[in-house]
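Data first, discussion second: the structure below is written as C-alpha coordinates.
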Amino acid sequence: MANEIPTKEIGELLDEVSTKIPKLLTSLMDTLYSAEAGKKMGESVGGFYNELVNAGIPKEEAVKMARDYILSMKDLTQSFNQSK
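Counting from 362, one number per residue, gives the positions in the sequence shown under this note's numbering.
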(Lines of atoms letter the chains of each structure in order from A; the text may use other names.)
(Lines give C-alpha, C1' and ligand atoms only; values in the text may rest on other atoms or scores of the structure.)
Protein backbone atom coordinates (compact mmCIF):
# COMPACT_ATOMS: atom_id res chain seq x y z
CA MET A 362 0.00 0.00 0.00
CA ALA A 363 2.91 2.38 0.62
CA ASN A 364 3.81 2.27 -3.09
CA GLU A 365 0.39 3.38 -4.35
CA ILE A 366 0.35 6.51 -6.47
CA PRO A 367 -2.00 9.13 -5.00
CA THR A 368 -3.82 9.75 -8.29
CA LYS A 369 -6.69 11.65 -6.69
CA GLU A 370 -4.35 14.08 -4.96
CA ILE A 371 -2.24 14.48 -8.11
CA GLY A 372 -5.38 15.20 -10.14
CA GLU A 373 -6.53 17.81 -7.63
CA LEU A 374 -3.09 19.42 -7.66
CA LEU A 375 -3.03 19.56 -11.46
CA ASP A 376 -6.53 21.08 -11.51
CA GLU A 377 -5.40 23.78 -9.09
CA VAL A 378 -2.22 24.49 -11.03
CA SER A 379 -4.09 24.67 -14.34
CA THR A 380 -6.32 27.43 -12.97
CA LYS A 381 -3.43 29.50 -11.63
CA ILE A 382 -0.91 29.31 -14.48
CA PRO A 383 -2.98 31.30 -17.03
CA LYS A 384 -3.47 34.09 -14.48
CA LEU A 385 0.24 34.08 -13.68
CA LEU A 386 1.20 34.25 -17.36
CA THR A 387 -1.26 37.08 -18.01
CA SER A 388 0.13 39.03 -15.08
CA LEU A 389 3.67 38.43 -16.26
CA MET A 390 2.87 39.58 -19.80
CA ASP A 391 1.14 42.72 -18.50
CA THR A 392 4.28 43.48 -16.51
CA LEU A 393 6.62 42.84 -19.43
CA TYR A 394 4.68 45.05 -21.84
CA SER A 395 4.08 48.04 -19.57
CA ALA A 396 5.64 51.46 -20.20
CA GLU A 397 7.65 51.03 -17.03
CA ALA A 398 8.97 47.69 -18.26
CA GLY A 399 10.04 49.32 -21.52
CA LYS A 400 11.88 52.03 -19.62
CA LYS A 401 13.62 49.47 -17.43
CA MET A 402 14.54 47.38 -20.46
CA GLY A 403 16.12 50.41 -22.12
CA GLU A 404 18.09 51.16 -18.97
CA SER A 405 19.12 47.53 -18.69
CA VAL A 406 20.30 47.27 -22.29
CA GLY A 407 22.07 50.62 -22.09
CA GLY A 408 23.78 49.59 -18.89
CA PHE A 409 24.75 46.25 -20.41
CA TYR A 410 26.24 48.00 -23.44
CA ASN A 411 28.16 50.49 -21.28
CA GLU A 412 29.57 47.71 -19.10
CA LEU A 413 30.74 45.83 -22.18
CA VAL A 414 32.45 48.91 -23.61
CA ASN A 415 33.99 49.78 -20.24
CA ALA A 416 35.33 46.22 -20.02
CA GLY A 417 37.16 46.75 -23.30
CA ILE A 418 34.74 45.10 -25.72
CA PRO A 419 34.86 46.90 -29.09
CA LYS A 420 31.79 49.09 -29.61
CA GLU A 421 30.66 47.16 -32.71
CA GLU A 422 30.77 43.88 -30.78
CA ALA A 423 29.02 45.46 -27.78
CA VAL A 424 26.19 46.62 -30.06
CA LYS A 425 25.81 43.08 -31.41
CA MET A 426 25.78 41.64 -27.89
CA ALA A 427 23.21 44.21 -26.72
CA ARG A 428 21.06 43.43 -29.77
CA ASP A 429 21.30 39.70 -29.00
CA TYR A 430 20.24 40.45 -25.42
CA ILE A 431 17.14 42.32 -26.62
CA LEU A 432 16.28 39.55 -29.09
CA SER A 433 16.61 36.95 -26.35
CA MET A 434 14.13 38.89 -24.22
CA LYS A 435 11.82 39.24 -27.22
CA ASP A 436 11.97 35.49 -27.87
CA LEU A 437 11.21 34.81 -24.23
CA THR A 438 8.13 37.03 -24.23
CA GLN A 439 6.93 35.55 -27.52
CA SER A 440 7.19 32.05 -26.09
CA PHE A 441 5.01 33.17 -23.17
CA ASN A 442 2.47 34.64 -25.60
CA GLN A 443 2.28 31.39 -27.55
CA SER A 444 1.64 29.40 -24.39
CA LYS A 445 -1.41 31.53 -23.47
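Backbone N, C-alpha and C define an ideal beta-carbon position, used for all residues, glycine too.
Source: prediction; values computed, not measured.
Candidates the options: closest to residue i by CA position
| i | options | result |
| --- | --- | --- |
| Gly403 | Glu365, Asn364, Lys369, Met434 | Met434 |
| Gln443 | Thr387, Gly399, Glu377, Lys381 | Thr387 |
Cβ neighbours of residue i in the same chain (closer than 6 Å, five flanking residues each side left out)
| i | result |
| --- | --- |
| Tyr410 | Ala423, Ala427 |
Contact check, residue i vs residue j, beta carbons under 7 Å
| i | j | result |
| --- | --- | --- |
| Val447 | Ile371 | In the structure displayed, the chain extends from 362 to 445; residue 447 sits before or after that span and is not available. |
| Leu385 | Thr438 | no |
Per-residue burial, residue i [other beta carbons within 10 Å of its own, 16 or more giving buried]
| i | result |
| --- | --- |
| Leu413 | buried |
Alpha-carbon spacing of residue i relative to residue j, whole angstroms
| i | j | result |
| --- | --- | --- |
| Thr380 | Glu397 | 28 Å |
| Ile382 | Thr368 | 21 Å |
| Leu375 | Ile366 | 14 Å |
| Asp436 | Lys425 | 16 Å |
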